[in-house]
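Q:
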Amino acid sequence: MTTKVRTRFAPSPTGFLHIGGARTTLYNWLYARNHGGKFILRIEDTDEVRSTADSVTAILDSIKWLGLDWDEGPIDEKTDRGPYAPYSQMQRVAIYRRSLDQLIKEGKAYRCYCTKEELDEMRRLAQLEKRPPRYDGRCRSLSDAQRAATEAQGKKFSIRFKMPTEGVTVVDDIIRGKVSFENKLLQDLVIWKTTDGPTYNFCCVIDDHLMEISHVTRGDEHLSNTPSQIQIYYALGWTPPVFAHLSMILGPDGSKLSKRHGATSVLEYRDQGYLPHTMRNYLALLGWSTSDSQQLFTDEDLIAKFDLAGCQKSPATFDTVKLQWMNGEYIRQTPVDQLVELAKPFLEKAGLVGLPGPDFKRVIALEHEKFKLLSEIPALIEFFYKPIALTEKAHKVLGGSGVKAVLLGLAEALKDFAPFEDKALEAQIRKFCEEGALKAGQVFHPLRAALTGRTEGPTLFLMMEIMGRDKVIARLREAAAPLA
RNA sequence: GCCUCCAUCGUCUAACGGUUAGGACGUGGCCCUUUCAAGGCCGAAACAGGGGUUCGAUUCCCCUUGGGGGCACCA
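Numbering of the first sequence is given in our numbering, commencing with residue 828 and proceeding in unit increments.
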């Protein structure tokens, strides 16, 4: 019998999709696609105070931008698609309540009347006495009479799940192997809040079972929840899915990746000008690799080769430098027409769209191999469109002796020169050098400085062709004017 | 404090007892070149430490050290 593969990503909408979540999504997606299975998106919004609709939107947008699709789940803020709808937990409360009733009826869960203060005190004492800080089970064996008396006082209650007190629970993890936990260390967790709503560890189990999830792949931080969840599966008479816990992503200083390390939201990477394909490829390699250490993958390649069993157990450091290198690789692989489209929002933002000047396509093609980020395109090409501002180095180059005569001479030599094209221009300018007994460098460097305001930039003559005669002559004269 | 996981170049990683410990990013040098890139070639750079097991350990076991995660009526 073959089990069909069904994976899921189940974010709680309390913020943006961060890099770690993106990788978890990617791995689930890859695994499902690799096995011809389904990838499900489920929204875990049981935290009523922190969950927001904006977060749901941001998460959906992030996953879409990454270029990943899901077979079941919310398709927008209002609509769900798939046979197990709804896919947002707050719309599934009636379902959880049925399982809750079952557990209570079978004596596997009980009412707990402890207040937050009592629980805090319990934890504090336990810590003090160097015992594991866990709920001591004081409401577990209340008699009916005690219960009635307590409730007569109008005390509110939560509902706790009775964990086994002996034996071990073994988590069989694809990545980590068998991990055992002593049951006496598990605590009776709250599965239903005082506010009459379900908690994460409860919903998660029920949904993964009902949605027939075959593989639960999630972050390392959930590993210690897993034995408790497994016990809930057992209590409900269900078989747990296969688990895979991914190691964390760390910042450059070795601590958990967070805001102080820079961008953590997927959307920020979009806004910085990374390509979705770069993110997919880079994230895939952060904790997973092929035995030949292949670096660049097409999506088909990635789907074909990806395997959860090959994932690294140790945490990985997120390296922006390598990310940028990879983005440069993929930008170079992008056809110019497409690159122009991708650059549009950035050109727009920089105020270059609509200004007189050459076609973006020619300019972008000219500098194509230089871009590492889409966001740096405007700065590298803006001298074609905006008045130039001299960098310090360029200023120095123009201040050299004899530069004024060179610039004016060039303006004269080019003012009627035709055709105003790459090769012809090069021949003409080299001739100009010869006639003036000038070294190429003595002419090329001031020329570049005058035309671009900088000392580095695109290949000179093709750039002049694209810039056009009028602008070239004007800038030569403009640069020469203030010189002695 | 308790539970649990992890440990190869600066970083991501390969190695499934026997290798000159391989690749990639970054880095150093050279080449190409009007500049900056891109590209090509060459180089430096790692098995955390200590015990075992074994003819032989980066690889298996134990301890130490270091790091991560968890210990909520948050997910």
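All C-beta atoms, glycine included, are put in the ideal place defined by N, C-alpha and C.
If you follow the beta strand (DSSP E) that Tyr937 is in, where does it begin and where does it stop?
A: Run containing Tyr937: Ala936 to Cys939, per the beta strand (DSSP E) assignment.
Q: Counting along the chain, where does the alpha helix (DSSP H) carrying Val1190 start and finish?
A: Note, Val1190: alpha helix (DSSP H), Phe1187 to Glu1194.
Q: Could you pull the start and end residues of the beta strand (DSSP E) that Thr996 belongs to?
A: Thr996 -> beta strand (DSSP E) spans Val995 to Asp1000.
Q: Below 8 Å, how does it come out for the stretch 1115-1123 and the stretch 1074-1091: are there three or more Cβ pairs, yes or no?
A: Touching, no, given that fewer than three Cβ pairs across the two stretches are closer than 8 Å.
Q: When you compare only the Cα positions, how much space is there between Asn1093 and Leu844?
A: Checking the displayed sequence, the identity of residue 1093 turns out to be Val instead of Asn. Near 6 Å, if we compare the C-alpha coordinates of Leu844 and Val1093.
Q: Once DSSP output is grouped into helix, strand and coil, what is the label at Ile1215?
A: If DSSP states are grouped into helix, strand and coil, Ile1215 belongs with coil.
Q: What separation, rounded to the nearest whole angstrom, lies between the Cα atoms of Gly1268 and Arg1275?
A: Those two C-alpha atoms are separated by around 10 Å.
Q: Which one of Ala837, Ile931 and Gly1024 has the shortest CA to CA distance from Ala921?
A: Checking every option, the nearest Cα to that of Ala921 belongs to Gly1024.
Q: To the nearest angstrom, how far is the alpha carbon of Asp971 from that of Gln929?
A: Roughly 19 Å separates the two Cα atoms.
Q: Going by DSSP, what residue range makes up the beta strand (DSSP E) through Ala1071?
A: Segment Val1069 to Leu1073, the beta strand (DSSP E) holding Ala1071.
Q: In this structure, what does DSSP give as the bridge partners for Thr1009?
A: In the sequence as displayed, the identity of residue 1009 is Glu instead of Thr. Its beta-bridge partners are Val995.
Q: Would you call the CB atoms of Glu871 and Gln916 closer than 9 Å?
A: Against a cut-off of 9 Å, the Cβ pair of Gln916 and Glu871 comes out as a contact.
Q: DSSP on Phe1124, reduced to helix/strand/coil?
A: In this structure, Phe1124 counts as coil in the three-state DSSP scheme.
Q: May I ask you to report which of helix, strand or coil DSSP gives Lys905?
A: Coil at Lys905, not helix or strand.
Q: Entirely within the stretch 1147-1177 and at least 4 residues each: give me those alpha helix (DSSP H) ranges in chain order.
A: Listed in chain order, they are 1147-1160 and 1163-1176.
Q: With Ser1055 and Met990 assumed to form a contact (beta carbons below 8 Å), what rounded beta-carbon distance in angstroms separates them?
A: Confirmed, about 7 Å.
Q: Below 8 Å on the Cβ atoms is my guess for Ala1099 versus Leu1200; work out the distance and round it to an integer in Å.
A: First, the residue type needs correcting, since residue 1099 is Gln and not Ala in the sequence shown. Indeed they touch by this definition, with Cβ atoms about 6 Å apart.
Q: Would you mind reading off the limits of the beta strand (DSSP E) that contains Thr1066?
A: Per DSSP, Thr1066 belongs to no beta strand (DSSP E) and is neither H nor E.
Q: What number of angstroms, rounded off, separates the C-alpha of Arg1281 from the C-alpha of Val1230?
A: Between Arg1281 and Val1230, the C-alpha separation is close to 15 Å.
Q: If you reduce the DSSP assignment to three classes, tell me which class Ala885 lands in.
A: Of the three classes helix, strand and coil, the one that applies to Ala885 here is helix, per DSSP.
Q: Keeping to the same chain, check which residues put their C-beta closer than 8 Å to that of Gln1328; ignore five residues upstream and five downstream.
A: In the structure displayed, the chain extends from 828 to 1311; residue 1328 sits before or after that span and is not available.
Q: Taking 9 Å as the cut-off, decide whether the C-beta atoms of Pro1185 and Ile1293 are in contact.
A: Yes, the pair counts as a contact, with Cβ atoms nearer than the cut-off.
Q: Of all the alpha helix (DSSP H) runs that stay within the bounds of the stretch 1071-1124, which reach a length of 4 or more residues?
A: Complete alpha helix (DSSP H) runs here, min 4: 1093-1098 and 1103-1112.
Q: Between which two residues does the beta strand (DSSP E) carrying Val1017 extend?
A: Segment Val1017 to Trp1019, the beta strand (DSSP E) holding Val1017.
Q: To test your reading of the DSSP string, which unbroken alpha helix (DSSP H) runs of 4 or more residues are found completely within the stretch 1212-1271?
A: Complete alpha helix (DSSP H) runs here, min 4: 1219-1225, 1230-1241 and 1249-1262.
Q: Taking only the alpha-carbon atoms, compute the straight-line gap between Leu1166 and Tyr1061 and give it to the nearest angstrom.
A: Rounded to whole angstroms, Leu1166 to Tyr1061 spans 54 Å at the Cα level.
Q: Helix, strand or coil: how does DSSP classify Val1299 here?
A: In the structure shown, Val1299 sits in a helix (DSSP, three-state: H, G or I).
Q: Is it right to say Ala1238 is buried, meaning 16 or more other beta carbons lie within 10 angstroms of its own, or is it exposed?
A: Buried is the call here.
Q: Does the stretch 1095-1109 come into contact with the stretch 1120-1139, if we say contact requires no fewer than three beta-carbon pairs (one atom in each stretch) closer than 8 Å?
A: Touching, yes, given that three or more Cβ pairs across the two stretches are closer than 8 Å.
Q: Under three-state DSSP, which class holds Leu1274?
A: Helix, per DSSP.
Q: Quick check: what's the CA-CA separation for Ser985 versus Arg958?
A: Taking the straight line from one Cα to the other gives about 24 Å.
Q: Could you tell me the boundaries of the beta strand (DSSP E) in which Gly1046 lies?
A: Unbroken beta strand (DSSP E) run through Gly1046: His1042 to Gly1046.
Q: To the nearest angstrom, how far is it from the Cα of Val1043 to the Cα of Val1069?
A: The alpha-carbon atoms of Val1043 and Val1069 are separated by roughly 6 Å.
Q: Using the rule of at least 16 other Cβ atoms within 10 Å of the residue's Cβ for burial, across every protein chain shown, is Met828 buried or exposed?
A: The predicted model places Met828 with a pLDDT of 40, which falls under 50 and marks its position as unreliable, so this point remains unresolved.
Q: Out of Glu1262, Lys1298, Arg833 and Ala1090, state which residue places its alpha-carbon closest to the alpha-carbon of Leu1037.
A: The shortest Cα separation from Leu1037 among Glu1262, Lys1298, Arg833 and Ala1090 belongs to Arg833.
Q: Quick check: the Cα distance between Gly1322 and His1272, rounded to an integer number of angstroms?
A: One cannot answer for residue 1322 here, as it falls past the ends of the chain, which runs 828 to 1311.
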